[in-house]
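Participant:
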Amino acid sequence: MAAAGPPPARALSAGSRRAPLALGLAPPRQGARVGASRLRQDNVHCHSRLISTNFNSRPSLCPPCHCAQMALADPVVSYQPDSDKHAGVLAYDLVQGNLVQWNSFMDKSIPDPPTAVLLHGILGSGKNWGSFAKRLAQEFPMWQFLLVDLRCHGESASIKKKGPHTVASTAFDVLKLISQLRLSPRVLVGHSFGGKVALSMVEQAAKPLPRPVRVWVLDSTPGKVRAGLDKEDHPAELIEFLRRMPVQVKSKKEVVDALIKGQFSLDVAQWVATNLRRSSPLGPRSSSSYSWIFDLNGISEMYKSYEDTNLWRIVENVPRGVHISFLKAERSLHRWALEDLQRIHTAEELAADEGGGVEMHMLEDAGHWVCILPHRSLNIVATN
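Here the sequence shown is numbered in my numbering, starting from -1 and rising by one per residue.
(1) Can you check which of these residues, 261, 286, 249 and 358, is closest to residue 272 by C-alpha distance?
(2) Could you tell me which of 254, 177, 143 and 208 sits nearest to residue 129, measuring between CA atoms?
(3) As a quick exercise: from 138, 106, 192 and 234, pick the residue whose alpha carbon is nearest that of residue 118.
(4) Using a Cβ-Cβ cutoff of less than 8 Å, which residues in the same chain neighbour residue 297 once the five nearest sequence positions on both sides are dropped?
(5) Tell me the start and end of each unbroken alpha helix (DSSP H) in the segment 301 to 338 that is at least 4 residues and wholly inside, in chain order.
(6) What separation, rounded to the nearest whole angstrom, lies between the Cα atoms of residue 125 and residue 110?
(7) Just the Cα atoms here: how many angstroms apart are residue 10 and residue 206?
(8) Where are the beta strand (DSSP E) runs, 3 residues long or more, that stay fully inside the segment 109 to 181, in chain order?
(9) Please confirm if the segment 206 to 217 is in contact with the segment 85 to 104, defined as three or more CB-CB distances below 8 Å between the two stretches.
(10) Report the residue from 300, 321, 98 and 361 whose alpha carbon sits nearest the alpha carbon of residue 234.
(11) Going by Cα to Cα distance, which pick from 309, 116, 320 and 292 is closest to residue 341?
(12) Is it the case that the segment 174 to 193 contacts the segment 154 to 161, given that we only count it when at least three CB pairs across the two stretches are under 8 Å?
(13) List the residues that DSSP assigns as beta-bridge partners of residue 216.
(14) Taking C-alpha atoms, which residue in 268, 137 and 317 lies nearest to residue 254?
(15) Starting from residue 93 and walking both ways along the beta strand (DSSP E), at which residues does that stretch end?
(16) Assuming residue 100 is part of the alpha helix (DSSP H), what are its boundary residues?
Structural data, given as structure tokens:
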């Protein structure tokens, strides 16, 4: 008799009822789990436009595609007014709903509000989650959302970190940050590299956890990363291409044109160019230029660690109270072996018996880089 494979995926229509959990922003039921589901990209790619236009807003390009989404300037959604936005550990932004009256400098006896930590992938930054975090803060005004720039990325690139630059050391950075901020997150969301960072955080955190935690891993396997058949925009190739480019360039267009000539897509080329910062002219006759805000050498080391890091032990031995949900892009750059899917299916059964949870979802007709877009990945999870 042939071995049983993963359960058949179930389709969700555009009219699917929106569940109240929405990424786990309400405590999950004990032992609850959801079987594999199949999610259609075309049902959800414009959900970000459903936000009320009564607020002052402007369209912005959402990396790495051209879909316009609302960058809200809603007065009821605020950023924590900390003067030091990196606390010596990592740079971050804290997006808060209008019912949150808390900051890290308040009386330590006051409990922290429900918090979700959003972790970007390689070559990204916390700003990738900005519009989505603001929308969630509107829908869940008692929650706050921590947007982190991981080591070697964004504003954290200026904070010198000792090597090795690995998944584990990156996860330790985030744990140290949330400890300094006196937070006990209820939800961790990570795309690609950030997904493994979230799993590593669960592994390194003190047990038992203070409260149930929902973990979302977007298009990342727990184990070895296998290259897929479609090599377009592969992160490893993109990193090496960028390392060969000049440290300073005259314009963002110069970078975009070079990446397109190097066979990378326009969407990804424009998204990568958002990591350029204008440099001040050296003299009155010199023109301004642009330089990268990230540390490419460190990022290259981080991606190598991402490919090799094995965190199956967490998935197959989920701590009590932890629920892990995987979202696989159908056209992922990484190959999900049948063995991976079968192990996740087996882990579903084991976790349910131990008071934890493991789930698997499929985002149809989507590529790996699409999962960095909240409106094209996370919003569909809220319908599940």
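From the three backbone atoms N, C-alpha and C, an ideal C-beta is built for every residue, glycine too.
All values reported here derive from a predicted model rather than from experimental measurement.
Facilitator: Concretely, from the data shown:
(1) 249
(2) 143
(3) 192
(4) Result list for residue 297: 120, 121, 150, 151, 163 and 237, in chain order.
(5) 310 to 313
(6) 23 Å
(7) Any reading at residue 10 must be qualified, since the residue scores a pLDDT of 29, below 50, and its modelled position is unreliable; the value itself is stated next. Roughly 35 Å separates the two Cα atoms.
(8) For the segment 109 to 181, whole beta strand (DSSP E) runs of length 3 or above, ordered along the chain, are 113 to 117 and 142 to 147.
(9) no
(10) 300
(11) 309
(12) no
(13) 189 and 325
(14) 268
(15) 89 to 94
(16) No alpha helix (DSSP H) holds residue 100; DSSP gives it neither H nor E.
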